[in-house]
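Okay, structure first, notes after.
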Amino acid sequence: GAGVSQTPSNKVTEKGKYVELRCDPISGHTALYWYRQSLGQGPEFLIYFQGTGAADDSGLPNDRFFAVRPEGSVSTLKIQRTERGDSAVYLCASSLGSANTGELFFGEGSRLTVL
Amino acid sequence: GNSVTQMEGPVTLSEEAFLTINCTYTATGYPSLFWYVQYPGEGLQLLLKATKADDKGSNKGFEATYRKETTSFHLEKGSVQVSDSAVYFCALTPFNDYKLSFGAGTTVTVRA
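Chains as they are written, first to last, in the working numbering: chain A, 31 to 145; chain B, 66 to 177.
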């Protein structure tokens with residue numbers, strides 16, 4: 031597709047389970063970002079990839095969260111031992127360059143609900 | 066640290082009314098400023114941006130001016146349409162950085 035694609039669009043899981051969220055960025059975009067948006071709040075930065083490497087993972091809340099981008103395109107956000115506080119919309123974005131100079135293209139998000 | 070504070074919503078307007086959404090920021094140095102918009106059922110998309118003081122960003126009839134003296138980037142539109150109903154987010158990135166810091170968002174509903 032032409033835009034950023036995220037799957038699943040909705041995920042309901044039980045506390046303690048493992049979850050994977052997938053992001054397929056726009057073709058040719060080297061920069062990829064994950065953000066988390068809790069109800070009534072703006073998106074918060076989680077991690078930034080430039081190519082295959084995580085250039086900045088300072089926004090990941092703890093070591094239960096991990097993200098990969100093995101071939102420099104598709105990225106997977108992995109959450110272990112989910113907690114109710116992890117419930118949020120997880121947004122993926124991609125860009126040709128950095129956010130400061132270019133435009134970020136966001137997917138529609140994956141809504142995670144932890145029961 | 067860097068932060069953005071924007072006007073709380075929700076805001077409900079009639080078609081052709083004037084819209085203002087206030088946004089102020091805290092940042093060191095000279096950040097770039099953005100307004101992103103999220104239409105129902107769609108992802109966030111960039112509406113407009115300004116990268117230095119006194120710059121005016123504009124798009125789709127919306128405008129915002131980077132005011133360093135008041136650390137503000139208020140969004141305005143002179144005559145709104147029903148299709149402008151959306152959630153609007155003010156955001157910044159520090160100079161030469163890539164992390165966007167977003168405000169909490171303002172929900173705007175325009176009635177016919």
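The beta-carbon is built from N, C-alpha and C at its ideal position, and this holds for glycine as well.
Compare the Cα-Cα distances from residue 121/B to each of 139/B, 69/B, 73/B, 172/B and report the closest residue.
Taking the second sequence and counting its residues from 1, one reaches residue 121/B at position 56. Among 139/B, 69/B, 73/B, 172/B, the Cα nearest to that of residue 121/B is on 139/B.
Cβ-based burial, residue 171/B [other Cβ within 10 Å; buried from 16]:
Here residue 171/B refers to the residue found at position 106 of the second sequence. Buried, by the Cβ-count rule.
Distance, Cα to Cα, residue 114/A vs residue 68/A?
Sequence index remark: in the first sequence, residue 114/A carries index 84 (1-based). Sequence index remark: in the first sequence, residue 68/A carries index 38 (1-based). So the two alpha carbons sit approximately 12 Å from each other.
DSSP has residue 176/B in a bridge; who is on the other side?
The residue you call residue 176/B lines up with position 111 of the second sequence. In the DSSP output, where bridge partners are listed per residue, residue 176/B has 79/B.
DSSP three-state assignment for residue 52/A, whether helix, strand or coil
Position 22 of the first sequence, counted from the first residue, corresponds to residue 52/A. Residue 52/A falls in the strand class under three-state DSSP.
Since residue 86/A is in the beta strand (DSSP E), which residue starts that stretch and which ends it?
As a working mapping, residue 86/A is identified with position 56 in the first sequence. Here the beta strand (DSSP E) through residue 86/A covers 83-86.
Let me check understanding here. Comparing Cα to Cα, which of 50/A, 77/A, 45/A lies closest to residue 163/B?
The residue you call residue 163/B lines up with position 98 of the second sequence. The shortest C-alpha separation from residue 163/B is found at 77/A.
Looking at the structure shown, is residue 68/A part of a helix, part of a strand, or coil, going by DSSP?
To locate residue 68/A, count along the first sequence from 1; it is residue 38. Residue 68/A falls in the coil class under three-state DSSP.
DSSP-derived helix/strand/coil call for residue 122/B
By one-based count along the second sequence, residue 122/B stands at place 57. Three-state result, residue 122/B: strand.
For the segment 42-62 of chain A against the segment 72-87 of chain B, are there 3 or more C-beta pairs whose distance is under 8 Å?
no
Separation of residue 80/B from residue 109/A, as counted between CA atoms
Reading the first sequence from its first residue, position 79 is the one you call residue 109/A. Reading the second sequence from its first residue, position 15 is the one you call residue 80/B. Rounded to whole angstroms, residue 109/A to residue 80/B spans 44 Å at the Cα level.
Does the beta-carbon of residue 61/A have 16 or more other beta-carbons within 10 angstroms, so that it is buried, or is it exposed?
Numbered from 1 along the first sequence, position 31 holds the residue referred to as residue 61/A. That one is buried.
Opposite residue 79/A in the DSSP bridges: which residues?
Stepping through the first sequence from its first residue, residue 79/A is reached at position 49. DSSP lists 62/A, 84/A as partners of residue 79/A.
Would you say residue 78/A lies against chain B (beta-carbon separation less than 7 Å)?
In the first sequence, counting from the first residue as 1, residue 78/A sits at position 48. Closer than 7 Å to some Cβ of chain B, the Cβ of residue 78/A qualifies, so yes.
Can you check DSSP and say which residues form a bridge with residue 4/A?
The first residue shown for chain A is 31 and the last is 145, placing residue 4/A beyond what the model contains.
Please report the straight-line C-alpha distance between residue 86/A and residue 117/B, rounded to a whole angstrom.
Counting from one through the first sequence, the residue named residue 86/A turns up at place 56. Counting from one through the second sequence, the residue named residue 117/B turns up at place 52. For residue 86/A and residue 117/B, the distance between alpha carbons rounds to 25 Å.
Is residue 147/B helix, strand or coil by DSSP?
Taking the first residue of the second sequence as 1, we reach residue 147/B at position 82. DSSP places residue 147/B in helix when its eight states are reduced to three.
Check whether the segment 102-117 of chain B touches the segment 83-92 of chain B, counting contact only when three or more Cβ pairs, one atom from each stretch, lie closer than 8 Å.
no
What residues from chain B crowd round residue 81/A, counting only those whose CB sits closer than 9 Å?
Numbered from its first residue, the first sequence carries residue 81/A at position 51. Simply none; closest approach about 14 Å.
What are the boundary residues of the beta strand (DSSP E) that includes residue 57/A?
The residue given as residue 57/A occupies position 27 in the first sequence. No beta strand (DSSP E) holds residue 57/A; DSSP gives it neither H nor E.
Take residue 104/A and list the residues in its own chain whose beta-carbon comes closer than 6 Å to its own, dropping the five residues that flank it on each side.
Here the question's residue 104/A lines up with position 74 in the first sequence. Excluding positions up to five away in sequence, the list reads 54.
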